[in-house]
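All remarks here apply to the structure that follows.
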Amino acid sequence: MIPDLRSSFNAKFTPDAYSALLAQLDRRCGGPIQFRVAETPIFLAKTLLDAMADEGAALAHHLIADHAYLEAARRAIPAGYDVAAQTSHPHFLTADFALVRTGSGELVPRLVEIQAFPSVFAYQAELCSTYREVFGLPGSLGIYLGGLSESSYWDLLRRTILGRHSSENVVLTEIDPLHQKTFTDFYLTSQRLGVPLVDIATLEPVGNKLHYRDAAGKLTPIHRIYNRAIVDELIARSIHLPFDLSRPWDVEWAGHPNWYFLISKFSIPWLARTEKFSVVPPAVFLDDFLAGSGRDFLATAGVPLPVSDNSASVYADLLLKPLFSFAGKGIEFEPSRARLEAIPPVDRAEYLVQQRMRFESTVETPFGLTQAEIRILYVWPDDAVLTPALSLVRLGRGKMMGVDQNKNQQWVGGSAAFYI
30 MIPDLRSSFN AKFTPDAYSA LLAQLDRRCG GPIQFRVAET PIFLAKTLLD
80 AMADEGAALA HHLIADHAYL EAARRAIPAG YDVAAQTSHP HFLTADFALV
130 RTGSGELVPR LVEIQAFPSV FAYQAELCST YREVFGLPGS LGIYLGGLSE
180 SSYWDLLRRT ILGRHSSENV VLTEIDPLHQ KTFTDFYLTS QRLGVPLVDI
230 ATLEPVGNKL HYRDAAGKLT PIHRIYNRAI VDELIARSIH LPFDLSRPWD
280 VEWAGHPNWY FLISKFSIPW LARTEKFSVV PPAVFLDDFL AGSGRDFLAT
330 AGVPLPVSDN SASVYADLLL KPLFSFAGKG IEFEPSRARL EAIPPVDRAE
380 YLVQQRMRFE STVETPFGLT QAEIRILYVW PDDAVLTPAL SLVRLGRGKM
430 MGVDQNKNQQ WVGGSAAFYI
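In the numbering used here, the protein residues as written are 30 to 449.
The structure is reproduced here in structure tokens:
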């Protein structure tokens, strides 16, 4: 953290400036932001962001090279959602990090989650720009990673999303995109890259190709899909697509759906057993924990556990997480033995138990010290390398860092990181 920048920002902050920030975002993003925007960005040393970016990239490369892991992860893909023509690597990746304090007092990053799925690339760039403009932040403060500038960032996104195709034949698909909380990102992406925003449930199959209706109602072939539809939501909402998702359609994917499962929370127990990745907290699959071997691993890794296990035992230092969920859904703190055993045996492989990380409160605000979770956003075009591009920040003072878990508070929510 950069104390001088923090104290200067806090001293100059006014509620009117925050109102101006929100108004500017609403004007630029196609309507009101549907989640809380934090009053402040954070200010970091670039070395810290680069360290997180390097760790996330190393984890991803390790997983992609681990054939045994990929085979196990593939078996976790729900029936009917194993999509053909899987790409050799994901086009998008996110790695979330907590800042924790070690026993020696050092502030270090620890992995919260890694996911091969797109994030709010367009919105986050706009948020950074608006923070800088409204609060008069120095132009010397950086936001882009991987040696990128604003222009090369957008060029990298364009190459990754469009590939070799014209924008009219590339679509951004989501479930009911106009009513998603992330609509602002879809809107900005569509405006900037010219790609149509299309409900995935309205795609029309003709022969071996998928099509969409343009604004004039013309049936238009799709050559590439920038996929933002999450399988969990398709299943939870019982949405039946008008085409068989697993069929080998003549279409490219920018963000192939399989990678959502192949690099996800499913990977954390595997990574936790790889000694070179100290950034990964101890974690095991729930079925292994209840069978005993997973419990032994956590105990050996130094996780505090009750001396004996009975139905009343509470695991104060563990989290229970469903493997395939988003926005923090389904995470439980301090689960009891009874709660873990209540999950049917057939479902236990779809959960993990992980050591709880206690975020260090590092951001000084008028409402006290606040915690920051930092997400590194990566882009990986067809013809290039995995590149850290930008960061995203969540500020919070509750147990969880998502914007949904920090309602009715101030100086929390979606934020950004500026570095020197």
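All C-beta atoms in this analysis are idealised placements derived from N, C-alpha and C, irrespective of residue type, glycine included.
Please read these numbers as outputs of a predicted model, since none were measured by experiment.
Practice item. Tell me R139's beta-bridge partners as DSSP assigns them. Key: Taking the sequence shown and counting its residues from 1, one reaches residue 139 at position 110. A127.
Review point. When you compare only the Cα positions, how much space is there between P61 and Y448?
Key: Against the sequence shown, residue 61 aligns to sequence position 32. Against the sequence shown, residue 448 aligns to sequence position 419. Cα to Cα, the separation comes out at about 28 Å.
Practice item. Determine the contact status of T231 and Y216, defining contact as a CB-CB distance below 8 Å. Key: Working through the sequence shown from its first residue, we reach residue 231 at position 202. Working through the sequence shown from its first residue, we reach residue 216 at position 187. Not in contact: T231 and Y216 (Cβ atoms no closer than 8 Å).
Practice item. On a CA-only basis, which of F290, I372, S48 is nearest P107? Give me that one, please. Key: What you label residue 107 is simply residue 78 of the sequence shown in a count that begins at 1. Nearest of F290, I372, S48 to P107, Cα basis: F290.
**Study point:** Buried versus exposed, by CB contacts within 10 Å (16 or more), V336
**Key:** Taking the first residue of the sequence shown as 1, we reach residue 336 at position 307. It counts as exposed.
Review point. Straight-line CA distance for A67 to F38?
Key: In the sequence shown, the residue the question calls residue 67 occupies position 38. In the sequence shown, the residue the question calls residue 38 occupies position 9. Computed Cα separation, rounded: 13 Å.
**Study point:** Extent of the continuous beta strand (DSSP E) to which A446 belongs
**Key:** For the purposes of this step, residue 446 is taken as residue 417 along the sequence shown, with counting starting at 1. Segment 446–448, the beta strand (DSSP E) holding A446.
Exercise for review: Would you be able to state if there are at least three C-beta pairs under 8 Å between the segment 161–174 and the segment 188–203?
Suggested key: no
Exercise for review: Taking all protein chains shown into account, decide if L248 is buried (16 or more other Cβ within 10 angstroms of its Cβ) or exposed.
Suggested key: For the purposes of this step, residue 248 is taken as the residue at position 219 of the sequence shown. Burial call: exposed.
Check your understanding: Any beta-carbon of chain C closer than 8 Å to the one on E233?
Key -> No chain C appears in this structure, which consists of one protein chain only.
**Study point:** Residues that A401 bridges to, as DSSP identifies them
**Key:** One-based indexing of the sequence shown puts residue 401 at position 372. According to DSSP, which records beta bridges pairwise, A401 is partnered with L424.
Exercise for review: Express the C-alpha separation of D325 and V149 in angstroms, rounding to a whole number.
Suggested key: For the purposes of this step, residue 149 is taken as the residue at position 120 of the sequence shown. For the purposes of this step, residue 325 is taken as the residue at position 296 of the sequence shown. So the two alpha carbons sit approximately 39 Å from each other.
Review point. Looking at the structure shown, is R253 part of a helix, part of a strand, or coil, going by DSSP?
Key: Your numbering for residue 253 matches position 224 in the sequence shown. Strand, per DSSP.
**Study point:** Residue span of the beta strand (DSSP E) that contains Q383, given as start and end
**Key:** The sequence position of residue 383 within the sequence shown is 354, counting from 1. Counting along the chain, the beta strand (DSSP E) containing Q383 begins and ends at 380–384.
**Study point:** Same chain, Cβ closer than 7 Å to L270, five either side skipped, listed in chain order
**Key:** Position 241 of the sequence shown, counted from the start, is the residue given in the question as residue 270. Result list for L270: I229, A230, in chain order.
Exercise for review: Taking A113 and R276 to be in contact with their CB atoms under 8 Å, please state how far apart those CB atoms are, rounded to whole angstroms.
Suggested key: Counting from one through the sequence shown, the residue named residue 113 turns up at place 84. Counting from one through the sequence shown, the residue named residue 276 turns up at place 247. With a Cβ gap of about 7 Å, A113 and R276 count as contacting.
**Study point:** Cutoff 6 Å; reference P70; Cβ partners in own chain excluding five residues on either side
**Key:** For the purposes of this step, residue 70 is identified with residue 41 of the sequence shown, where counting begins at 1. So the list reads Y160, S444, A445, F447, once near-sequence residues are dropped.
Review point. So what does DSSP say about K75, is it helix, strand or coil?
Key: By one-based count along the sequence shown, residue 75 stands at place 46. DSSP places K75 in helix when its eight states are reduced to three.
Check your understanding: Within 10 angstroms of its Cβ, does R317 collect 16 or more other Cβ (buried), or is it exposed?
Key -> Here residue 317 is taken as the residue at index 288 of the sequence shown, counted from 1. Inspection of the sequence shows that residue 317 is occupied by Asp rather than by Arg. Classification of D317: buried, given that the 10 Å Cβ count is 16 or more.
Check your understanding: When you compare each of E233, T394, V441 to F42 by their alpha carbons, which one comes out closest?
Key -> Looking up residue 42 in the sequence shown gives position 13. It is T394.
Check your understanding: Identify the residues that DSSP records as bridge partners of V313: which are they?
Key -> In the sequence shown, the residue the question calls residue 313 occupies position 284. Beta-bridge pairing links V313 to V382.
Exercise for review: Sort out for me which residues DSSP pairs K238 with in a bridge.
Suggested key: Position 209 of the sequence shown, counted from the start, is the residue given in the question as residue 238. Paired residues: V235.
Practice item. Can you tell me which of G323, F164, D411 puts its alpha carbon nearest to the alpha carbon of A46? Key: Here residue 46 is taken as the residue at index 17 of the sequence shown, counted from 1. Nearest of G323, F164, D411 to A46, Cα basis: F164.
Check your understanding: With respect to the alpha helix (DSSP H) encompassing D33, which residues constitute its N-terminal and C-terminal limits?
Key -> Reading the sequence shown from its first residue, position 4 is the one you call residue 33. Per DSSP, D33 belongs to the alpha helix (DSSP H) from 32–41.
**Study point:** Counterpart residues of E203 in DSSP-defined beta bridges
**Key:** For the purposes of this step, residue 203 is taken as residue 174 along the sequence shown, with counting starting at 1. DSSP lists D228 as partners of E203.
Check your understanding: Around the C-beta of E402, are 16 or more other C-beta atoms found within 10 angstroms, so that it is buried, or is it exposed?
Key -> Working through the sequence shown from its first residue, we reach residue 402 at position 373. Per the 10 Å Cβ criterion, buried.
Point to revise | Closest residue to E233 among A265, V200, P333 (Cα-Cα distance) | key: As a first step, residue 233 must be located in the sequence shown, where it is residue number 204. When each option's Cα is compared against that of E233, the closest is V200.
**Study point:** Continuous alpha helix (DSSP H) stretch holding W299: start and end
**Key:** For the purposes of this step, residue 299 is taken as the residue at position 270 of the sequence shown. Element bounds for W299: 297–301.
Point to revise | DSSP-derived helix/strand/coil call for Q220 | key: Against the sequence shown, residue 220 aligns to sequence position 191. Residue state, collapsed to three classes: helix.
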